[in-house]
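The C-terminal residue of the sequence shown carries number 257 in this note's numbering, and the numbering is unbroken.
Inspection log for the structure reproduced underneath, given as structure tokens.
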Amino acid sequence: MRVMTYNIQDGGAQRADLIADVMAQANPGVALLNEADDPDIVASLAGQLGLHHVWAPGSGDKHIALLTRLPILDWQIYNRRPLTQAVLVVTLPAATLYCVHLVPYFMLLPYELARWRTVRAMLHLARRDARAPQLILGDFNAVTRGEQADTSLFPPKRQRQLRLQLNRQPRFALAPVRRAGFVDCYRNMHPQRPGLTWMTTCPSARLDYVFADPDLALRLLACDVFTLPPSERASDHYPLVADFAL
């Protein structure tokens, strides 16, 4: 089973054909779309690719969707405090997926705390159903321990925001996932590669992740950033894909 997480940037309205091309090449069995702001575009992508889909609203103007070849057995959206911006829980025959889009903005402690609270609440949901294989995936808008985003490549506005917080990079959201025992699939396969997913015009940060529970991580075959054309034009994020033997 190939799993993809892909932030398609502001709904992808002017880039839907490029996004469809990227997804067709990557050929995921399951694809999480962040910033899937237009349900009609999501439905069109699902139709073109022959996938089932579910679309759900986030807490603000950024929404979320899952497309899959597998039947969707159940799903639930969590988009109210303390869960912001969106956590979409989807039950498939092979696994339960906790699909995440955490609030952006690298600056200011309130946003760090909002991401941390969302992850803590999501992990509480996961613990209630720990018998099924579990994946946590999405755009965390956070940098994991031991890594650094190259902030010198950030847009000027982001650089100014970071200076206001003494150039501290967001990390709170990922620590609870690691402590809960979930395995960072990309880092597990590539201990040294940077794995940068944002920005496609000037890669500078690894913000998109696939985490597997310890048993499912044993069946991990590969995990890579998908950079084939036209992914550099389809969004400001590259997709991340992970393959499991299921």
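A virtual CB, placed ideally from N, CA and C, is assigned to each residue, including glycine.
A quick note: this is a predicted structure, and the numbers were derived from the prediction, not measured.
D226 - containing alpha helix (DSSP H), residue span: P225 to A228 is the extent of the alpha helix (DSSP H) around D226.
Same chain, Cβ closer than 8 angstroms to R131, five either side skipped, listed in chain order: Once the five neighbours on either side are set aside, the close Cβ partners of R131 are P93 and P187.
8 angstroms contact criterion, which A245 and R80 should meet: CB distance rounded: Not really, about 21 angstroms apart at Cβ, beyond 8 angstroms.
Residue burial classification, L84 (beta-carbon count within 10 angstroms, cutoff 16): exposed
Opposing strand residues paired with N18 [DSSP bridges]: N45.
Option nearest L257 by Cα separation, candidates D21, H74 and A105: A105
Inter-stretch contact (C-beta, 8 angstroms, three-pair minimum) for the stretch 156–164 and the stretch 219–238: no
The stretch 50–66 in contact with the stretch 25–41 per 3-pair CB rule at 8 angstroms: yes
P250 vs M15 beta-carbon contact at 7 angstroms: yes
Top-ranked residue by Cα proximity to E158, from P82, Q145, L218 and L231: L218
Where the beta strand (DSSP E) through T107 begins and ends: T107 to L113
Residues near A223 in its chain [Cβ-Cβ closer than 7 angstroms; skip 5 each side]: L146, F193, V194, C196 and L231
Proximity below 7 angstroms, CB of V111 to CB of G149: yes
7 angstroms Cβ cutoff met for A233 and D254: yes
Q203, DSSP secondary structure in three states: coil
For R179, the residue or residues it bridges with in DSSP: Paired residues: none, contrary to the question.
Best match in V252, Y122 and E243 for proximity to V221 [C-alpha to C-alpha]: Ranking V252, Y122 and E243 by Cα distance to V221 puts V252 first.
Under the three-state DSSP convention, the category A143 falls into: Correct three-state label for A143: coil.
Residue range of the alpha helix (DSSP H) that includes L56: P50 to L60
Residues that DSSP places opposite H74 in a beta bridge: DSSP output for H74 lists no bridge partner at all.
Residues near A37 in its chain [Cβ-Cβ closer than 7 angstroms; skip 5 each side]: Within the same chain, Cβ atoms closer than 7 angstroms to the Cβ of A37 are found at M15, F237, P250 and V252, the five residues on either side in sequence being excluded.
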